[in-house]
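Structure first, commentary second.
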Amino acid sequence: DAGVIQSPRHEVTEMGQEVTLRCKPISGHNSLFWYRQTMMRGLELLIYFNNNVPIDDSGMPEDRFSAKMPNASFSTLKIQPSEPRDSAVYFCASSLVQGWKNTEAFFGQGTRLTVV
Amino acid sequence: QQQVKQSPQSLIVQKGGIPIINCAYENTAFDYFPWYQQFPGKGPALLIAIRPDVSEKKEGRFTISFNKSAKQFSLHIMDSQPGDSATYFCAATRNYGGATNKLIFGTGTLLAVQP
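So the sequences go chain by chain: A and B.
When we follow this note's numbering, the leftmost residue of the first sequence carries the number 15, and every step to the right adds one.
When we follow this note's numbering, the leftmost residue of the second sequence carries the number 5, and every step to the right adds one.
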């Protein structure tokens, strides 16, 4: 398996522009997580999905952020409009809820977003 | 109640030393405590994990010690090597019961092992 695949790896955009980050989870996994990593705040969970349904979006910083999971093999995180303080590395992770136990969460390589 | 506190923020040891990273949690509902290792430019990867029904778990040179009554757990790296230099994150979650639950991460420890 290729693991969790994120694109793009790097994104530089101007303030006010829309940014879309993409994630392909591991095939067969039914849970997907979006994290943001900064030096100041560490790894923050933004939102997670179970069977394509958003379960907890309490970590989404504000209405400028939105996430979708139209099917089991694809998710997007959108920022509109983007601001310099959104600059961070965004990680997608997936896992499998299997019976009564979850597998470990596997992380993608991340998207480094810079908003200038 | 959802926080996981991690210390130290950074750590420098000599090759062969035993770095120790500590974490504390508050939510007694947590039942799974993984440690993740992250190299620059990469995503975090699971290193080792423990459930609260045991006090210690070893995998190779990595050991987790768990103190349920104190709600603390720690990572020990025996015979540390320069290749162990990375950022280490502790985490906690509810992993059992059939429901997805979110990983709550500590703030990370940047470890440097000097040759």
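Don't be surprised by glycine CBs; every beta carbon is placed ideally from N, CA and C.
Q.
Within 10 Å of its beta-carbon, does Q118 (chain B) have 16 or more other beta-carbons around it, so buried, or fewer, so exposed?
A. exposed
Q) Once you ignore the five residues that flank L50 (chain B) on each side, which residues in its own chain have a CB closer than 7 angstroms to its CB? A) P38 and Y40
Q) Per DSSP, D70 (chain A) is paired with what? A) A:Y62
Q: Could you pull out every residue in the same chain whose Cβ sits closer than 6 angstroms to the Cβ of S69 (chain B), ignoring the five residues on either side in sequence?
A: Around S69 (chain B): E60 and S78.
Q | Delimiting residues of the beta strand (DSSP E) encompassing P40 (chain B) | A | Reading off the sequence, residue 40 (chain B) comes out as Tyr, not Pro. Residues F37 to Q42.
Q. Where does G87 (chain B) fall in DSSP's three states?
A. helix
Q. If you drop the 5 nearest sequence neighbours on each side, which residues of the same chain put their C-beta closer than 8 angstroms to that of K3 (chain B)?
A. Nothing about residue 3 (chain B) can be read from this structure; chain B reaches only from 5 to 119.
Q: Helix, strand or coil for R134 (chain B), going by three-state DSSP, please let me know.
A: As shown, chain B starts at 5 and ends at 119. That puts residue 134 (chain B) outside it, with no answer to give.
Q: Could you tell me which chain B residues have their CB closer than 9 angstroms to the CB of G42 (chain A), listed as they occur along the chain?
A: None at all; the shortest Cβ gap to chain B is about 15 angstroms.
Q. How big is the Cα-Cα spacing for A127 (chain A) and D100 (chain A)?
A. As written in the sequence, residue 127 (chain A) is Leu, which differs from the Ala given in the question. Cα to Cα, L127 (chain A) sits roughly 8 angstroms from D100 (chain A).
**Q.** Nearest to L15 (chain B) (by Cα), restricted to the options B:I25, B:A96 and B:K9
**A.** That would be B:I25, whose Cα lies nearest to the Cα of L15 (chain B).
Q) Cβ of S161 (chain B) within 8 angstroms of Cβ of K19 (chain B)? A) Lying before the first or after the last residue shown, residue 161 (chain B) is absent from chain B, which here runs from 5 to 119.
Q: Pull up the distance between the alpha-carbon of V103 (chain A) and that of G124 (chain A), whole angstroms please.
A: 6 angstroms
(Q) Let me check one thing: in DSSP terms, what residues is R55 (chain A) bridge-paired to? (A) For R55 (chain A), which the question treats as bridged, DSSP gives no partner whatsoever.
Q.
Residues of the segment 53-80 of chain B in Cβ contact with chain A at a cutoff of 9 angstroms, in chain order, please.
A. A53
Q.
In this structure, how does DSSP classify R65 (chain B) when only helix, strand and coil are distinguished?
A. coil
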